[in-house]
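Residue numbers (the working numbering), protein chains in the order written: chain A, 1 to 544; chain B, 1001 to 1334.
Here the structure comes first, spelled out in structure tokens, and everything after it is commentary.
And the structure:
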């Protein structure tokens, strides 16, 4: 917090509750994650000039049709009735929130021009004048914004929104006295309230929503964004036209189609045959096929880290030496090269770069089988047999990664290791029953972190009362508790850096790869992939 | 047995079959590890949220209560709601059904058009070059796995030469084009819709129909050969009947009984069983729906699919039996 020295200290519990549920978003589908953020969130902000995509001097091209193919179709077109990334990507073409994030992760203005913290639990957004709704042509009003927020957080307005947890802590909103602003109230301090509004809160038109059946709102979009939705065939496609009265420069793309194909091979075929311009999740084995055609592969680090948890309450994993040995035993570079064709980053701590609290001194463990063998001897567990549980098909190449890890450990003369394939739901069921004694001792899993803040990875997965924890370490618990209760940004960052160093040294995980988002893009478009898995068609322009 | 009694008996049998399927699926829930809640809930959801989710879908109830409730809803033609998405199971299933039906019928048509003439040619020209060509072709067809064939057809004809689209349903102006739409527009003199529909259905139909073509060719050939050796054929020829009439009016008709049986059974299988072809061509049919439901532990959708598939089987089998009665009257006399 930049100017929060006078603010009351958020209690740890409240912070965890609020922030935890924001981070959750990333995990629902195993293939999703959310808007990035950093926790150096400003308590106030002004940014009347929102960033726009590159626009040519002469204005947008007349005719520029683009097709995007995702893995699944949106489940609904109601912007407040979903929690998955493919639906989100569809929404953001047409609907806009108060705040957003740039590709670099900075909070930026959308339908709000200013945002400020009035007092603990009370923030105020000034609403932009000018943006209009596609279907009615009416200008967006503070009343629409207040209704939108209440539609999400208040069950008595319309329905129970699955996004209510995403605006955690927010209790309601009302039009402010001056008539051009909206006051938003929260339970307690709510330190991450602006981060939340940068992810969720697509503004709808109050009268339009109230005038129509819920099923109509679920099949038609009426936003203020760069594209107006024109057609919707459920499970088939959504079509958009460029909105010429958009409040920023009109988009380059004149006609946008969003389709889906669940099979990655089908998506690659469509791209190579020129039927689509942008596809998600190109599998590593298809990289060369895409590159050989009139398209290319675009890979960018996602917010998800893949790791092997070692339950520290049972032998042999209770020994830090043994856990370190497991990290020395694997050749992470080789794993990423062979299983992922290089599309992955090496990690040596729970936190990814450039998250808040990342420690640039905690490097990945080198591959050193001799050191691994020696440490196993020293730990007193030589000759032990271990079993690595892995889900199949949940994360990119999860089974292949687990097999490579197990083989490399098995090659140590004093440890033998096997892979146990599991269905994700059974594995997850055992891990998330809030009982550390159930579930496997050694398992592969992934963790996505929506907030770009180290605490939201370490809290749930490594602290003693984390819902998914495999470790009990008093020093770490203390570091995280201190970090979550300080209002001094620098001190907080230092504490989180120490926590990451501790995790590196004590090695509660075998640190594996950062998962990449891999896209295939046609050579006729220009577009840069983002860390937060958003595909913003407004940022697509014709290739020069 | 009267025709009405026959139908009533078959109808009751059908209800019994569907009930048995539902019951078996419910029993399977006992032995299937994992709970749908693990899929619906976020990984770090607390026990309270899990409990709330289980309650909202009735998953915390004992299985016999869920079973009773489901049967009761089913009796009122309500197949329930999917988990998490909250969509109506009937809507999902009945949106997928026409896609699978079109594919099944189209591939059967492909099979019939190719295989019956091929079988006849092969039998009539027994042990001549055309017979060898036909039997070799059917051998190749029967031994080509259709997932491989599908992928190869797409790579060659769609990706390489751009003759057909790679995947998906036909679409014009954002509207999905099904056969009925295409036909309606064709009758109004607009050919574009039918062309588009044909372009999209051809590769999947050929992929799925090939195995089938081979099978039916061989059946027709052996059936014809057997019938041609019968004494009634000699009698017909002695009577001076033209050879064409002998072959097609009498011999082929008698050969068709096993062919219709196989076609009927296959059609039933195809409706729910064209999983691989639907995947390769990304067709949102019942097979795709079924696989997704299994992967995501969407029991309600799984049940909905199985009910429709089993009902489909019953209907197809009953129709096949009715056709028997036409082709061979002594069947209905049993």
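Cβ atoms here follow ideal geometry from the backbone N, Cα and C, with glycine treated the same way.
Nearest to residue 169/A by alpha carbon, out of 197/A, 156/A, 78/A and 157/A?
Among 197/A, 156/A, 78/A and 157/A, the Cα nearest to that of residue 169/A belongs to 197/A.
Is any beta-carbon of chain A found at less than 9 Å from that of residue 1122/B?
Not an interface residue.
Assuming residue 1212/B contacts residue 1107/B (C-beta within less than 8 Å), just tell me the rounded distance between them.
6 Å between Cβ atoms; contact.
In angstroms with no decimal places, state the Cα-to-Cα distance between residue 1196/B and residue 430/A.
C-alpha separation (whole angstroms): 50 Å.
Would you verify that the beta carbon of residue 355/A is, or is not, closer than 9 Å to some beta carbon of chain B?
The beta carbon of residue 355/A sits no closer than 9 Å to any beta carbon of chain B.
Cβ of residue 235/A less than 9 Å from any chain B Cβ?
Cβ-Cβ to chain B under 9 Å: yes for residue 235/A.
Three or more beta-carbon pairs under 8 Å between the segment 1285 to 1301 of chain B and the segment 1105 to 1123 of chain B, yes or no?
In the pairwise beta carbon analysis, the segment 1285 to 1301 of chain B is classified as not touching the segment 1105 to 1123 of chain B: fewer than three pairs are separated by under 8 Å.
Any beta carbon of chain B sitting closer than 9 Å to that of residue 424/A?
Output row for residue 424/A: interface = yes.
Proximity winner among 240/A, 324/A and 158/A, relative to residue 211/A (alpha-carbon distances)
Distance check between residue 211/A and each of 240/A, 324/A and 158/A places 158/A closest, using alpha-carbon atoms only.
Enumerate, from N- to C-terminal direction, the unbroken alpha helix (DSSP H) stretches of 4 or more residues contained entirely within the segment 1039 to 1083 of chain B.
Listed in chain order, they are 1047 to 1056 and 1063 to 1075.
Hey, quick one: how far does the alpha helix (DSSP H) through residue 1235/B stretch, first residue to last?
Run containing residue 1235/B: 1231 to 1238, per the alpha helix (DSSP H) assignment.
Cα separation between residue 452/A and residue 377/A?
Going by the C-alpha atoms only, they are around 39 Å apart.
In terms of residues, what are the limits of the beta strand (DSSP E) holding residue 305/A?
Where residue 305/A is concerned, the enclosing beta strand (DSSP E) stretches over 295 to 310.
Within chain A, partners of residue 1303/B - CB distance below 7 Å:
Correct list: empty, because the minimum Cβ distance to chain A is about 18 Å.
Cutoff 6 Å; reference residue 67/A; Cβ partners in own chain excluding five residues on either side
Counting only residues of its own chain and dropping the five nearest sequence neighbours on each side, residue 67/A has a CB closer than 6 Å to the CB of 257, 276 and 277.
My output table needs one value for residue 212/A: the three-state DSSP class, helix, strand or coil.
Reduced to three states, the DSSP call for residue 212/A is coil.
What are the start and end residues of the alpha helix (DSSP H) that includes residue 1106/B?
Run containing residue 1106/B: 1089 to 1124, per the alpha helix (DSSP H) assignment.
Since residue 1202/B is in the alpha helix (DSSP H), which residue starts that stretch and which ends it?
Counted as a single uninterrupted DSSP element, the alpha helix (DSSP H) harbouring residue 1202/B occupies residues 1192 to 1228.
What are the residues in the segment 241 to 266 of chain A lying within 9 Å of chain B by C-beta distance?
Hits within the stretch, in order: 257, 259, 260, 261, 262, 263, 265 and 266.
Take residue 80/A as the anchor and find which of 132/A, 161/A, 94/A and 142/A has the nearest alpha-carbon.
Shortest Cα-Cα distance from residue 80/A to any of 132/A, 161/A, 94/A and 142/A involves 161/A.
Could one say the Cβ of residue 1098/B lies closer than 9 Å to chain A's Cβ atoms, at least one of them?
Using a Cβ-Cβ cut-off of 9 Å, residue 1098/B does not count as an interface residue toward chain A, since no Cβ of chain A sits closer than that to its own.
Hey, quick one: how far does the alpha helix (DSSP H) through residue 1148/B stretch, first residue to last?
Per DSSP, residue 1148/B belongs to the alpha helix (DSSP H) from 1146 to 1153.
Using CA coordinates, which residue listed in 515/A, 84/A, 214/A and 542/A is at the minimum distance from residue 525/A?
Cα-wise, what sits closest to residue 525/A is 542/A.
Does residue 63/A come within less than 9 Å of chain B when only Cβ atoms are used?
Chain B contact via Cβ: absent.
Taking C-beta pairs closer than 8 Å, name the residues in chain A that residue 1158/B reaches, listed in chain order.
Chain A residues near residue 1158/B: 269 and 273.
Count the other CB atoms within 10 Å of the CB of residue 102/A; is the residue buried (16 or more) or exposed (fewer)?
That one is exposed.
Taking 8 Å as the cut-off, does the segment 455 to 462 of chain A touch the segment 358 to 366 of chain A (at least 3 CB pairs, one atom from each stretch)?
Contact between the segment 358 to 366 of chain A and the segment 455 to 462 of chain A is absent, because fewer than three Cβ pairs lie under 8 Å.
Going by the DSSP bridge assignment, what does residue 66/A pair with across the sheet?
In DSSP, residue 66/A forms a bridge with 256/A.
Which residues in the same chain as residue 270/A place their Cβ atom closer than 8 Å to its Cβ, once the five residues preceding and following it in sequence are excluded?
So the list reads 69, 261, 276 and 279, once near-sequence residues are dropped.
Quick check: the Cα distance between residue 1303/B and residue 1011/B, rounded to an integer number of angstroms?
Separation of residue 1303/B and residue 1011/B (C-alpha to C-alpha, rounded to the nearest whole angstrom) is 20 Å.
Below 8 Å on the Cβ atoms is my contact criterion, and I expect residue 1171/B with residue 467/A to pass it. Report the Cβ-Cβ distance as a whole number of Å.
Residue 1171/B to residue 467/A, Cβ: 44 Å. No contact.
When the Cβ atoms of the segment 1209 to 1223 of chain B are set against those of the segment 1137 to 1149 of chain B, are three or more pairs found closer than 8 Å?
With the cut-off at 8 Å, the segment 1209 to 1223 of chain B and the segment 1137 to 1149 of chain B touch.
Proximity below 9 Å, CB of residue 369/A to CB of residue 411/A:
Yes, they are a contact pair.
Use the C-beta contact count for residue 1314/B: other C-beta atoms within 10 angstroms, 16 or more gives buried, fewer gives exposed.
Result: buried.
Which two residues bound the contiguous beta strand (DSSP E) that contains residue 182/A?
Segment 181 to 186, the beta strand (DSSP E) holding residue 182/A.
Consider the Cβ of residue 38/A: report whether some Cβ of chain B lies at a distance smaller than 9 Å.
Its pLDDT being 38, under 50, residue 38/A is placed unreliably by the model, and nothing is read from it.
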